[in-house]
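Chains as they are written, first to last, in the numbering used here: chain A, 1 to 110; chain B, 1001 to 1113.
For every residue, glycine included, the Cβ atom is placed at its ideal position computed from N, Cα and C.
From a predicted model like this one, the values you see are computed outputs, not experimental measurements.
Structure first, commentary second.
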Amino acid sequence: EDKVVQSPLSLVVHEGDTVTLNCSYEVTNFRSLLWYKQEKKAPTFLFMLTSSGIEKKSGRLSSILDKKELFSILNITATQTGDSAIYLCAGGTSYGKLTFGQGTILTVHP
Amino acid sequence: NAGVTQTPKFQVLKTGQSMTLQCAQDMNHEYMSWYRQDPGMGLRLIHYSVGAGITDQGEVPNGYNVSRSTTEDFPLRLLSAAPSQTSVYFCASSEPHKNTEAFFGQGTRLTVV
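Written as C-alpha cells, this is what we have:
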C-alpha cells in the first residue's frame, strides 16, 4: 500500500523565520511528488517534482526531491502571516493516482 | 474555464439517507478521483477512475459507490449515510500523460446527523 508521511504535523513560527517541511514517500510506480497549499478551501498547487536534485523555486518557496532516499522538502524563507495554511504533499503514480500525507499545519505569528 | 465543478457545496443528511455528490470537469482529463478530508488526516482517496468505464477503490471505499459513464462526470454515491461519513469531500482530475498537477473542485461539506 502506498504511503506518504509528513513532518512535522504542526509548526508555529514568527514572521521572518525560515521553515522546512518534510515529506517521505513509498509509492509503487512513482512518477512525481506534488506540494499543495490549503487555506480553508480546495488545495492550490505549488510544485511538481519528478527529478532528483533539481530545485524548484517560486518566490520565497522552494522544493527539492531525493528519489534515492524517497523524500522531499519544502522550504519557505522570510515567512509571512499569509503563509499560514496546511501544506500537503502527495506521491503520484504514472497513471495519475495521488497518495497524500497527513499535512503540516503552519501557523505564522506577526 | 470552469475546471472541476462540485455540487452541492454544503449538505446535511440524516442517518440512512442516500445522496449523490456531483463532479464534472471540462478539461478532458482521463483521471478523476474522490477524496475525503478529516481533521489531521490529510486527503484520503475514496475511489478513482483512469478513464470512462473504469473505476477502482482507494484507501477508504466502504460506504461509497462511483461510476464513470463519460469522461466529464464522476459522481460519488452514498448509499446509506452514517455519521462517520461527516467530512469534506473533494473531487480532482488530472491528465497523467501530460504529467500535469491534479486540479481540485471547491469541495462539499457533508454533515450526517
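Chain-ordered chain A contacts of residue i [CB-CB under 8 Å]
i	result
B/G1053	Those within 8 Å of B/G1053 in chain A number zero; the least Cβ separation is about 15 Å.
B/Y1031	Y95, G96, K97
Classification of residue i by the beta-carbon crowding that lies within 10 angstroms, buried from 16 upward
i	result
B/I1054	exposed
B/M1041	exposed
B/L1045	buried
A/L88	buried
B/G1107	buried
Residue interval of the beta strand (DSSP E) (run including residue i)
i	result
A/V12	10–14
B/Q1006	1004–1007
A/T77	No beta strand (DSSP E) contains A/T77, which DSSP labels as neither H nor E.
A/K56	56–58
A/L70	Segment: none, A/L70 is in no beta strand (DSSP E) and carries neither H nor E.
A/A90	85–93
B/G1051	1043–1051
B/K1098	Per DSSP, B/K1098 belongs to no beta strand (DSSP E) and is neither H nor E.
A/E1	Run containing A/E1: none; DSSP gives neither H nor E here.
Cross-chain neighbours of residue i in chain B, by beta carbon under 8 Å
i	result
A/K41	Q1106, G1107
Chain A residues whose Cβ lies nearer than 7 Å to that of residue i
i	result
B/L1043	L88, F100
B/P1096	S94, Y95, G96
B/V1050	Y95, G96
From the options, residue whose alpha carbon lies closest to that of residue i
i	options	result
A/D2	A/H109, A/I73, A/T107, A/K97	A/K97
B/C1075	B/E1101, B/A1052, B/V1012, B/V1113	The amino acid occupying residue 1075 of chain B in the given sequence is Pro; Cys does not appear at that position. If we check each option's Cα against that of B/P1075, B/A1052 comes out closest.
A/L61	A/I86, A/T79, A/T50	A/T79
B/P1083	B/S1033, B/K1014, B/Q1022, B/F1103	B/K1014
B/V1060	B/H1047, B/S1067, B/V1066	B/H1047
A/K37	A/F47, A/R31, A/F30	A/F47
A/S51	A/E39, A/F71, A/G16	A/F71
A/N75	A/G59, A/E69, A/V4, A/P110	A/G59
A/E39	A/D83, A/T93, A/T99	A/D83
A/V12	A/I86, A/Q102, A/G91	A/I86
A/T99	A/E15, A/T28, A/T18	A/T28
Within chain B, the residues that residue i reaches when beta carbons sit closer than 7 Å
i	result
A/G103	G1042
A/S58	Residues of chain B passing the Cβ test: none, with the nearest at roughly 13 Å.
A/S32	N1099
A/F45	E1101
Integer Cβ distance of residue i from residue j, believed to fall under 8 Å
i	j	result
A/V5	A/S32	About 17 Å; that fails the 8 Å criterion.
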